[in-house]
Amino acid sequence: MSIEPGNDLDGSTGDHDTQTAPERPDEEVATRCERTSAIHGNKDDITENMTIPNETDEADKLADRLAEQLIRHHGCCEHCHKQHQEEHMKHHPSHVGLKEHLDEMRRAVNCPDVLESKTMMTTQPNLASQVDGASRRHLYCGLDKDDSSPVHICLKADDRVTTATEVTFDIDSILGFPNSLAVAKQGIRWNPTQMAVSDLQSDLHLDSRLAHYVDRHGHGHSVRRPLHQLPHYSFGRLVGFEDISLYLFFPCLVREEQKVSRLLDHDFRTWTDQILLPAIYQHHGSSLVQHYPSSYDHARYNSTARGVEMRSQRTDGTPRQQLLHHFLQPDSLHAIWHTILQAVERPGMQHFRGVFLFFHGKNLKCLTKDSTWRNMISRFNEYWTGAVTESYITSETYIDVGKEVCPAQTSRCTFEVGAEDGEDETLAKTLMWKRCCLEAYSEWMQGWYDQGKGGYRKTFYPFSMLHDSGSLTIETHRSSTSRAGGLLYSQFYPSIKEVFAAGNIYPFTNAAIETLALDPKLRKTWQQ
Numbered sequence: 137m138s139i140e141p142g143n144d145l146d147g148s149t150g151d152h153d154t155q156t157a158p159e160r161p162d163e164e165v166a167t168r169c170e171r172t173s174a175i176h177g178n179k180d181d182i183t184e185n186m187t188i189p190n191e192t193d194e195a196d197k198l199a200d201r202l203a204e205q206l207i208r209h210h211g212c213c214e215h216c217h218k219q220h221q222e223e224h225m226k227h228h229p230s231h232v233g234l235k236e237h238l239d240e241m242r243r244a245v246n247c248p249d250v251l252e253s254k255t256m257m258t259t260q261p262n263l264a265s266q267v268d269g270a271s272r273r274h275l276y277c278g279l280d281k282d283d284s285s286p287v288h289i290c291l292k293a294d295d296r297v298t299t300a301t302e303v304t305f306d307i308d309s310i311l312g313f314p315n316s317l318a319v320a321k322q323g324i325r326w327n328p329t330q331m332a333v334s335d336l337q338s339d340l341h342l343d344s345r346l347a348h349y350v351d352r353h354g355h356g357h358s359v360r361r362p363l364h365q366l367p368h369y370s371f372g373r374l375v376g377f378e379d380i381s382l383y384l385f386f387p388c389l390v391r392e393e394q395k396v397s398r399l400l401d402h403d404f405r406t407w408t409d410q411i412l413l414p415a416i417y418q419h420h421g422s423s424l425v426q427h428y429p430s431s432y433d434h435a436r437y438n439s440t441a442r443g444v445e446m447r448s449q450r451t452d453g454t455p456r457q458q459l460l461h462h463f464l465q466p467d468s469l470h471a472i473w474h475t476i477l478q479a480v481e482r483p484g485m486q487h488f489r490g491v492f493l494f495f496h497g498k499n500l501k502c503l504t505k506d507s508t509w510r511n512m513i514s515r516f517n518e519y520w521t522g523a524v525t526e527s528y529i530t531s532e533t534y535i536d537v538g539k540e541v542c543p544a545q546t547s548r549c550t551f552e553v554g555a556e557d558g559e560d561e562t563l564a565k566t567l568m569w570k571r572c573c574l575e576a577y578s579e580w581m582q583g584w585y586d587q588g589k590g591g592y593r594k595t596f597y598p599f600s601m602l603h604d605s606g607s608l609t610i611e612t613h614r615s616s617t618s619r620a621g622g623l624l625y626s627q628f629y630p631s632i633k634e635v636f637a638a639g640n641i642y643p644f645t646n647a648a649i650e651t652l653a654l655d656p657k658l659r660k661t662w663q664q
């Protein structure tokens, strides 16, 4: 895969619909790409430069649509918003803004501020008794004792005129299925042990993969499973672009009773001692392999030695197991992979047959972000071309391209924000998606290739229980022409979501959250 910069696509060009720009926060699309070149002002040039070698009609159409999405806004027009406002006036004669509603809640409901304390609350204040049932309905549902219908929050009442916005582009992530370890141009930072928990926790919008297993009665089965549920482990990272991890997947290592994707210890021992290490030792001289582990046990003891010894000295804070790494030089990587593929065909090793590679680089937004497409691609290629041998990249490679619109104002850290900051020019602002604009985009996408509603699945996520604002994910169906052209999904969301996601983990997602109500001593006893 090669991505080349072309002429600039700037958010202030004439092709950009500047009137509706303030209503557009982040947009992301994940698409397969063999070769993506310039995106610039002329749509015909964009389509021509975004085509894929051995291009199909689907790829041509996809390139054209992606260019349209990046240049133009396909939400509601100004006339549509006026019509929506007129309909809103008919159904909701009283306009209550979000700020006005929150201020009224503070006056009407004497709700204790549980977030004011930086520690867990005790049972002594008895917070539950401080708010009666009527107050809870008013607080959480907007239902007053005199009204049978909830309060309708009118976001229009909180709109502020944004005089200037800025548009930026980025590549947030990249993933694919290379056909050799030699994809790492500068070598691999190899992990000889497994991570305790895999960092792949979702299917990444990819198609499910065929897996094979034998049940307790000796009968063979073939099933399709999401990628992250197949047995796998993190093999290492690409030298020169350490944000990209390399994984090994084993579709024939599925166990009927296995509940996790981590390789079982005896499987990983066999893989390390009888396949991987012999292949590495075969293609490296003694000056290198003397620094490598000689067996599964050697690698495991090295990783746990520090934790065991330091714990014996009663020193806390030392991890029980370290994730040690060694460097595999690039010269022998292809030969090592070829030897591995031969080894898994030997008698007794065939449960490792079908092993394949997967790479994934994520959280690249701040690394690649720029105000023009040319500069953004140049930033990405500085790392990509230096660390990746593109001849080993297959057509099943996907990039997550993002476009973001933000208020053009100076941001400040928490320490610099004053307690009383009432000037409109200095107040913090954020842009949010309107529900009507997201629905308009969904209708626009429905016309892609005349595929209708069956070609994709859309999911709307209301923001903070508000009806008129939220996020939208559109995921193409496996058999749709959009996916055949290379499009996996499109996402539209406000950047303000990061305020509620600590490390990309949202509140109240812990499955064991009810244990917070238990006595701490009891929880500690269970954990022991």
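Everything in the sequence shown is counted per this note's numbering, starting at 137 for the first residue and increasing by one.
Cβ coordinates follow ideal geometry from the N, Cα and C atoms, glycine included.
Beta carbon of residue i nearer than 8 Å to that of residue j
i: W520; j: F377; result: yes
i: M257; j: V267; result: no
i: Y428; j: I416; result: yes
i: H228; j: C290; result: yes
i: W473; j: A320; result: no
i: D624; j: T167; result: Here residue 624 turns out to be Leu, not Asp, going by the sequence shown. Yes. Within cutoff.
i: L399; j: P362; result: no
i: G323; j: V375; result: yes
i: H631; j: T566; result: The amino acid occupying residue 631 in the given sequence is Ser; His does not appear at that position. Result yes, Cβ atoms of S631 and T566 sit closer than 8 Å.
i: D162; j: Y629; result: yes
i: E611; j: H341; result: yes
i: P286; j: L279; result: yes
i: Q492; j: F313; result: Going by the sequence as given, residue 492 is Phe instead of Gln. Yes. Within cutoff.
i: S338; j: H364; result: yes
i: N315; j: Y528; result: yes
i: D379; j: G538; result: no
i: A544; j: T301; result: yes
i: A293; j: G233; result: yes
i: S381; j: S397; result: no
Expected contact under 8 Å - CB spacing of residue i and residue j to nearest Å
i: D200; j: D536; result: Going by Cβ atoms, the distance from D200 to D536 rounds to 20 Å, so no, they are not a contact pair.
i: K505; j: D306; result: 4 Å
i: F463; j: Y383; result: Going by Cβ atoms, the distance from F463 to Y383 rounds to 18 Å, so no, they are not a contact pair.
i: K389; j: D403; result: Reading off the sequence, residue 389 comes out as Leu, not Lys. So it is a contact: roughly 6 Å between Cβ atoms.
i: S626; j: V165; result: 5 Å
i: L346; j: P387; result: 6 Å
Other residues of its chain near residue i: CB distance less than 7 Å, five sequence neighbours each side excluded
i: R436; result: T329
i: H723; result: Since the first and last residues shown for the chain are 137 and 664, residue 723 lies out of range.
i: H237; result: V287, I289
Backbone secondary structure at residue i - three-state DSSP
i: T172; result: Reliability of the predicted coordinates at T172 is poor, the pLDDT of 31 falling under 50, and the value obtained from them is presented with this limitation in mind. T172 falls in the strand class under three-state DSSP.
i: R659; result: helix
i: K162; result: One point to set straight first is that residue 162 is Asp, not Lys, in the sequence displayed. In the structure shown, D162 sits in a strand (DSSP, three-state: E or B).
i: A648; result: coil
i: P429; result: coil
i: P598; result: strand
i: K565; result: coil
i: Q478; result: helix
i: S536; result: The question names Ser, but residue 536 is Asp in the sequence shown. Strand at D536.
i: I472; result: helix
i: S358; result: strand
i: Y383; result: strand
i: G522; result: helix
i: K570; result: strand
i: P528; result: Inspection of the sequence shows that residue 528 is occupied by Tyr rather than by Pro. Y528: helix per DSSP, three-state reduction.
i: C542; result: strand
i: E392; result: coil
i: R548; result: coil
i: D196; result: helix
i: L413; result: helix
i: H420; result: coil
i: S615; result: coil
i: G622; result: coil
Beta-carbon proximity list for residue i, same chain, < 8 Å, skipping 5 on both sides
i: C216; result: C572, A576
i: H613; result: G590, G591, Y592, R593, R619
i: N246; result: Q266, V267, S271
i: G269; result: none
i: H603; result: H288, I289, R571
Proximal residues to residue i (C-beta, below 6 Å), its chain only, five neighbours per side dropped
i: N178; result: Below a pLDDT of 50, predicted positions are generally treated as unreliable, and N178, at 36, falls in that range; no measurement from the model is reported.
i: H288; result: H228
i: F599; result: S605, G606
i: A332; result: none
i: G522; result: G376
**OP:** Could you pull out every unbroken beta strand (DSSP E) segment of at least 3 residues lying fully inside the region 289-356, listed in chain order?
**Re:** 301-312, 324-326, 345-350
**OP:** List in chain order: all unbroken alpha helix (DSSP H) runs of 4+ residues lying wholly within the region 226-277.
**Re:** 234-244, 269-272
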